[in-house]
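Read the structure below first, then the notes.
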Amino acid sequence: MTEPLLSVQNLSIAYRVGARDILAVSGASFDVPRGSIVGVVGESGCGKTTMARAVTRVIADNARISGGQMLFDGQDLAALSERAMNDLRWRDIAFVPQSAMNSLDPVYRVEYQLHEVLRGRGGLSKAAAQARAVELFEMVGIEASRLRDFPHQFSGGMRQRVAIALALALNPRLIVADEPVTALDVIVQRQILDQLRELQHKLGVSVILVTHDISVVAYICDRTVVMYAGQVVEDAQTGPLLTHPLHPYTMGLKNAFPDLQSAGSGILTPIAGAPPDLANPPTGCRFAARCPFAQDRCRQTPPVAQEPVPGHRVACHRADEAPALRALAARQETWGEMA
Amino acid sequence: MTDPTPLIDVTEARLHYRVGSAVSAMMGRPAVVKAVDGVSFTLNRGESVGLLGESGCGKTSMGRLLVKLEQATGGSVRFDGEEIATLSGPALRRFRARSQMIFQNPFDAVNPRYSIAKSMAEPLANAGIPKAEWRERIIAALDLVRLSNPAQYLDRYPHQLSGGQLQRVVMARALILQPDFVVADEPVSMLDVSVRAGVLNVFRDVRDRLGLTAIYISHDLALVRYVCERTIVMYLGRVMEDGRTEDIVHRPLHPYSQALVAAVPVPNADQSHAPLPIGRGAPDPRNPPSGCVFRDRCPKAHARCAAESPKLHRVEGRGVACHLFDT
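Respectively, the protein sequence lines represent chains A and B. Adding 275 to a residue's 1-based position in the first sequence gives its number in this note's numbering. Adding 358 to a residue's 1-based position in the second sequence gives its number in this note's numbering.
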């Protein structure tokens, strides 16, 4: 086993709201192995975007990394100076935002924006930058003639390809993509995901892919990190995570999701309730209030992450009973009436 | 007793928008977007149909036509035997009470300054229901969508509710006048996965209990399959395929339906990822190709597709608008 490209350890991120700190991410740990796609899933407000953005160190003005480490090739990103971090951006770590329209400047041709990165950041000559821009467009499947177009002349899917081309410009080792296909239609979504996977195979780049969509994770991610209320609750290879989840939240998410493979009239089961208020998190396990298997210890003490199966981490007091809980979780009545 | 006449009868419905600048219009080049272009289908009483397609395919426009939020620019839409284009006065009011729409974003669908009770009372006031009955009917409607202890919601404001709760309130408001027909436009796309299932279950349950006729608009085949027995696939304003959802999921006939089904991500990391049977690029509603609107992305297009627009052929118990099925 080689050392992972990125190892996030015990990361906490605090937002200053009024006179107090709210932890959007608390004590999150996960690894990004070299050349792999790691999905980060969870509901809105679970901290997935904050955590992914922290890796690029581009976070909100009122947010700060309040604890933990992010070891990128052994170097702690959390401790780097802003200047040193700036040197890593684009060159080693690139970002693909959810809505590419917001990341492309509408008044400049996309060619200019590619050149900005290639020449300004990469130090390429004008001719070299032009050659690379053409190469990048070919890589993401856009005709080079469209380099002279403005962002509004591209469709949503095309803009997302442009954003991926920008991210790839300087051959980064890690791409952080925040809901890169969420705004897109199924067909375009699939084409972008296939493109991303192909590029990842070809270039060996690692990807952190933030999404709320389990089917996207299932389709493309090698490993998956499940977040709930600011914490990582489960982290494993995608296959085992979906077929043999150890955390009740992951089990519940699976039941709540329609897919085309199921036998048809299977009933979807929601998880009753809502995530806790992060300004006032519960003392014990954060999922306990919605968990059908919660016991007294769950409400009293927060579970510690353990690794009952090699490479499969989970934070649940009852992880050792997972096979029995899975059988129960598959039954609708376990999750109560349609709440 | 079931009434054999269809509740909704759409014939060659068209909704063309004029777009572009005034200048280009004066130059004699008005651009027209054919959001709905010659769509025909019927809906039987109690039937649920999914309108499926990508953004820009005209599914939302079609839905808005059916509840007369848009005026058709051609063709006809009949509701319970009456042409809705010419409805006015009391007949229009009756139609408005009988047909309702549930919108995509619940936070846009209610006035943030109105309490839930006030938002819910609006349709009652419009329909001339005596004020004395309001509270009881509002509570009954909230109860119908399974909001527990409904009275607690009356004085709350939208921002005090979760997305899932608010979408149920919006659903309850659409149902409060006991309509016959409901159009739901991507009602769960703004909601988190763990609460989606609850809203979908309530929708199915209420529809069955009230015997509603329903249109469910979505780009997500898996969701449509969960809610509707029948699906109409649209592309650039036209119907591509119209049939039983299970048939379309398991054996799509139209090349576009085949691409849509193939595009649904399959949760199996080991399976090979064959390229989609569809050309790159996005449909341009301002400038659709001649003949079959799908032909420039269709892997099976041939000469006839450019020359002639395909009719909806009856094949294996469904309608397919493709020359391949012209036998």
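From the three backbone atoms N, C-alpha and C, an ideal C-beta is built for every residue, glycine too.
- Could you name the residues of the region 433–464 of chain A whose beta carbon sits closer than 8 Å to any beta carbon of chain B, in the order they occur along the chain? Per Cβ criterion, the list reads Met433, Asp460, Val461, Ile462, Val463, Gln464.
- Message: Quick check: the region 458–471 of chain B against the region 434–444 of chain B, are at least 3 beta-carbon pairs closer than 8 Å?
- Response: no
- Please go through the same chain and pick out, in chain order, the residues whose beta-carbon is closer than 6 Å to the beta-carbon of proline 578 of chain A, but skip the five residues on each side of it. Taking the first residue of the first sequence as position 1, residue 578 of chain A is located at position 303. Within the same chain, proline 578 of chain A has close Cβ partners Cys560, Ala590, Cys591, His592.
- So is alanine 621 of chain B buried or exposed if we call it buried at 16+ other beta carbons inside 10 Å? Start at 1 with the first residue of the second sequence, and residue 621 of chain B comes out as number 263. With a threshold of 16 other beta carbon atoms within 10 Å, alanine 621 of chain B meets it and is buried.
- Might you give, ordered along the chain, the residues of its own chain that have their beta carbon closer than 7 Å to the beta carbon of threonine 685 of chain B, omitting 5 neighbours on each side? In the second sequence, residue 685 of chain B corresponds to position 327, counting from 1. Counting only Cβ-Cβ distances below 7 Å, and skipping sequence neighbours, we find nothing.
- Message: Pull the bridge partners of valine 385 of chain A from the DSSP assignment, please.
- Response: Mapped onto the first sequence, residue 385 of chain A falls at position 110. Answer by DSSP bridge pairing: none, since valine 385 of chain A is not bridged.
- Any Cβ of chain A within less than 8 Å of the Cβ of alanine 627 of chain B? Start at 1 with the first residue of the second sequence, and residue 627 of chain B comes out as number 269. Any reading at alanine 627 of chain B must be qualified, since the residue scores a pLDDT of 48, below 50, and its modelled position is unreliable; no value is offered.
- Helix, strand or coil: how does DSSP classify valine 557 of chain B here? Along the second sequence, read from residue 1 onward, the residue named residue 557 of chain B stands at position 199. Helix at valine 557 of chain B.
- Message: Quick check on valine 485 of chain A - is its C-beta less than 8 Å from some C-beta in chain B?
- Response: In the first sequence, counting from the first residue as 1, residue 485 of chain A sits at position 210. No, its Cβ sits nowhere closer than 8 Å to a Cβ of chain B.
- Check whether valine 491 of chain A and threonine 499 of chain A have beta carbons under 8 Å apart: Here residue 491 of chain A refers to the residue found at position 216 of the first sequence. Here residue 499 of chain A refers to the residue found at position 224 of the first sequence. Contact flag unset, no.
- Do the region 598–617 of chain B and the region 547–556 of chain B meet, that is, are 3 or more Cβ pairs less than 8 Å apart? no
- My guess is that arginine 526 of chain B and valine 582 of chain B are in contact by the Cβ rule of under 8 Å, so how many angstroms apart are they, rounded? The residue labelled residue 526 of chain B in the question sits at position 168 within the second sequence. The residue labelled residue 582 of chain B in the question sits at position 224 within the second sequence. Not really, about 20 Å apart at Cβ, beyond 8 Å.
- Message: Counting only beta-carbon separations shorter than 8 Å, does tyrosine 584 of chain B have a partner in chain A?
- Response: Residue numbering aside, residue 584 of chain B sits at position 226 when the second sequence is read from its first letter. Closer than 8 Å to the CB of tyrosine 584 of chain B there is at least one CB belonging to chain A.
- Contact between the region 439–454 of chain A and the region 384–402 of chain A (3+ Cβ pairs under 8 Å): yes
- Close beta carbons around aspartate 654 of chain B, own chain, < 7 Å, minus the five adjacent residues each side: In the second sequence, counting from the first residue as 1, residue 654 of chain B sits at position 296. So the list reads Gly637, Pro647, once near-sequence residues are dropped.
- Could you pull the start and end residues of the beta strand (DSSP E) that arginine 498 of chain A belongs to? Along the first sequence, one-based indexing puts residue 498 of chain A at 223. Per DSSP, arginine 498 of chain A belongs to the beta strand (DSSP E) from 498–503.
- Task: Using only alpha-carbon positions, find the residue among B:Val551, B:Pro516, B:Glu491 that is nearest to asparagine 469 of chain B.
- Result: Residue mapping note: residue 469 of chain B aligns to position 111 of the second sequence, counting from 1. Cα-wise, what sits closest to asparagine 469 of chain B is B:Pro516.
- Look at leucine 352 of chain A and methionine 414 of chain A and say whether their C-beta atoms are less than 8 Å apart. Sequence index remark: in the first sequence, residue 352 of chain A carries index 77 (1-based). Sequence index remark: in the first sequence, residue 414 of chain A carries index 139 (1-based). Not a contact, by the Cβ cut-off of 8 Å.
- Message: When you compare the CB positions of serine 341 of chain A and alanine 289 of chain A, do they come within less than 8 Å of one another, or not?
- Response: Within the first sequence, numbered from 1, the residue matching residue 341 of chain A stands at position 66. Within the first sequence, numbered from 1, the residue matching residue 289 of chain A stands at position 14. In contact: serine 341 of chain A and alanine 289 of chain A (Cβ atoms closer than 8 Å).
- Taking Cβ to Cβ, would you say alanine 511 of chain A is nearer than 8 Å to arginine 588 of chain A? Along the first sequence, read from residue 1 onward, the residue named residue 511 of chain A stands at position 236. Along the first sequence, read from residue 1 onward, the residue named residue 588 of chain A stands at position 313. In this structure, alanine 511 of chain A sits near arginine 588 of chain A, with a CB-CB distance shorter than 8 Å.
- Query: Does the distance from the CB of leucine 570 of chain B to the CB of aspartate 538 of chain B come in under 8 Å?
  - Reply: Sequence index remark: in the second sequence, residue 570 of chain B carries index 212 (1-based). Sequence index remark: in the second sequence, residue 538 of chain B carries index 180 (1-based). Taking 8 Å as the Cβ cut-off, leucine 570 of chain B and aspartate 538 of chain B qualify as a contacting pair.
- Query: What's the call for proline 633 of chain B, buried or exposed, on a 16-neighbour Cβ count within 10 Å?
  - Reply: Your numbering for residue 633 of chain B matches position 275 in the second sequence. Result: exposed.
- Item | Which listed residue (A:Ile467, A:Gln344, A:Ala444, A:Gln284) has its alpha carbon closest to that of glutamate 454 of chain A | To locate residue 454 of chain A, count along the first sequence from 1; it is residue 179. Ranking the options by Cα distance to glutamate 454 of chain A, first place goes to A:Ile467.
- Query: If we ignore side chains and look at the alpha-carbon of each, how far apart do isoleucine 462 of chain A and alanine 617 of chain B end up?
  - Reply: Working through the first sequence from its first residue, we reach residue 462 of chain A at position 187. Working through the second sequence from its first residue, we reach residue 617 of chain B at position 259. The straight-line gap from Cα to Cα measures roughly 7 Å.
- Are the Cβ atoms of leucine 600 of chain A and phenylalanine 568 of chain A separated by less than 8 Å? What you label residue 600 of chain A is simply residue 325 of the first sequence in a count that begins at 1. What you label residue 568 of chain A is simply residue 293 of the first sequence in a count that begins at 1. Yes. Within cutoff.
- Residues bridged to alanine 338 of chain A (per DSSP): Mapped onto the first sequence, residue 338 of chain A falls at position 63. According to DSSP, which records beta bridges pairwise, alanine 338 of chain A is partnered with A:Tyr290.
- Query: Hey, would you say aspartate 306 of chain A sits closer than 8 Å to leucine 281 of chain A, going by beta carbons?
  - Reply: Walking along the first sequence from the start, residue 306 of chain A turns up at place 31. Walking along the first sequence from the start, residue 281 of chain A turns up at place 6. Yes, Cβ-Cβ distance for aspartate 306 of chain A and leucine 281 of chain A is below 8 Å.
- Task: Keeping to the same chain, check which residues put their C-beta closer than 8 Å to that of asparagine 615 of chain A; ignore five residues upstream and five downstream.
- Result: Since the first residue of chain A shown is 276 and the last is 614, residue 615 of chain A is not available in this structure.
- Closer than 8 Å, CB to CB, is alanine 531 of chain A near chain B or not? Mapped onto the first sequence, residue 531 of chain A falls at position 256. By this cut-off, alanine 531 of chain A is an interface position.
- Query: Can you find a C-beta in chain A that's less than 8 Å from the C-beta of arginine 638 of chain B?
  - Reply: Counting from one through the second sequence, the residue named residue 638 of chain B turns up at place 280. Closer than 8 Å: yes.
- Message: Assuming serine 506 of chain B and glycine 527 of chain A are in contact, meaning their beta carbons sit under 8 Å apart, how far apart are those beta carbons, in whole angstroms?
- Response: As a working note, residue 506 of chain B is residue 148 in the second sequence. As a working note, residue 527 of chain A is residue 252 in the first sequence. The pair is not a contact, with the Cβ atoms about 19 Å apart (cut-off 8 Å).
- Query: At a CB-CB cut-off below 8 Å, which residues of chain B make contact with glutamate 318 of chain A?
  - Reply: Taking the first sequence and counting its residues from 1, one reaches residue 318 of chain A at position 43. Under the 8 Å cutoff, chain B gives Asp550, Val551, Ser552.
- Would you report the Cα separation of tyrosine 584 of chain B and glutamate 599 of chain B, rounded to the nearest angstrom? Locating residue 584 of chain B in the second sequence gives position 226, counting from the first residue. Locating residue 599 of chain B in the second sequence gives position 241, counting from the first residue. Near 18 Å, if we compare the C-alpha coordinates of glutamate 599 of chain B and tyrosine 584 of chain B.
- Query: Any Cβ of chain B within less than 8 Å of the Cβ of valine 491 of chain A?
  - Reply: Numbered from its first residue, the first sequence carries residue 491 of chain A at position 216. Output row for valine 491 of chain A: interface = yes.
- Message: Please tell me whether alanine 549 of chain A has its Cβ less than 8 Å away from any Cβ of chain B.
- Response: As a first step, residue 549 of chain A must be located in the first sequence, where it is residue number 274. Interface residue (Cβ-Cβ distance to chain B less than 8 Å): alanine 549 of chain A is classified as such.
- Message: For threonine 609 of chain A and asparagine 530 of chain A, I'd like the C-alpha separation in whole angstroms.
- Response: Here residue 609 of chain A refers to the residue found at position 334 of the first sequence. Here residue 530 of chain A refers to the residue found at position 255 of the first sequence. Roughly 11 Å separates the two Cα atoms.
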